[in-house]
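Numbering (the working numbering), first residue to last: 12 to 146.
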C-alpha cells in the first residue's frame, strides 16, 4: 500500500512540476488529457521488474485519505488556475508527503530484507527446516 500511495503522490507531483516548468517557459497548461498522458509517458527511470499488482485500494485507507485531503485543501484539481504561490504550496505539500512515504517505504522494506536475511540464515544453519513447517 505504501508503494502505491507513494506512486500516486509522485504522479501528482510530476503534474504540478510540469505546470511550474511551463509557466517558467511562459506558457500555461490546458490540463488536456493528452497533455497529462504525456507527463506520465515520460520515462522517469527503469521502472520495476516486479509484475503489476492489483490496484483496488480502499478509498478510506488512511494514506489515501491523507493525500486526498492535501489535494483538496490545496486545490490540486484546479492546478492550472492556481497562482504561482498556490502552485508552489501544492508542490511543497506533495513533495513532503511523497518524501514521508519514501522514508516509510525504505524503513518497511529494510525490515523485510532483514527478516528475509534472518530466515535464510536460519535455514542455512539448520535452525529451521521446511520439513518442520509441513508437520
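The beta carbon of each residue, even a glycine, is placed where N, CA and C say it ideally should be.
Handout entry: Euclidean distance between Cα positions of residue 23 and residue 116
Key = Residue 23 sits at position 12 when you count from the first residue of the chain shown. Residue 116 sits at position 105 when you count from the first residue of the chain shown. Going from the Cα of residue 23 to the Cα of residue 116 covers about 18 Å.
Exercise for the section: Check the C-beta distance from residue 109 over to residue 21 and give it rounded, since I have them as a contact under 8 Å. Expected result: In the chain shown, the residue the question calls residue 109 occupies position 98. In the chain shown, the residue the question calls residue 21 occupies position 10. Correct: roughly 6 Å between the Cβ atoms.
Problem - Cα-Cα separation between residue 127 and residue 121, rounded to whole angstroms - result: For the purposes of this step, residue 127 is taken as the residue at position 116 of the chain shown. For the purposes of this step, residue 121 is taken as the residue at position 110 of the chain shown. Spanning the two alpha carbons is a distance of roughly 10 Å.
Problem - Straight-line gap, residue 139 to residue 132 (C-alpha atoms, nearest Å) - result: The sequence position of residue 139 within the chain shown is 128, counting from 1. The sequence position of residue 132 within the chain shown is 121, counting from 1. In a straight line, the C-alpha of residue 139 is about 9 Å away from that of residue 132.
Exercise for the section: Out of 36, 95, 70, 30, point me to the one whose CA is closest to residue 16's CA. Expected result: Translated into the one-based positions of the chain shown, residue 16 becomes position 5. It is 70.
Handout entry: Alpha-carbon spacing of residue 93 relative to residue 67, whole angstroms
Key = The residue labelled residue 93 in the question sits at position 82 within the chain shown. The residue labelled residue 67 in the question sits at position 56 within the chain shown. A straight line joining the alpha-carbon of residue 93 with that of residue 67 spans about 31 Å.
Practice task
Inspect the beta-carbon positions of residue 90 and residue 78 and report whether they are closer than 8 Å.
Solution key: As a working note, residue 90 is residue 79 in the chain shown. As a working note, residue 78 is residue 67 in the chain shown. The answer is no: Cβ separation not under 8 Å.
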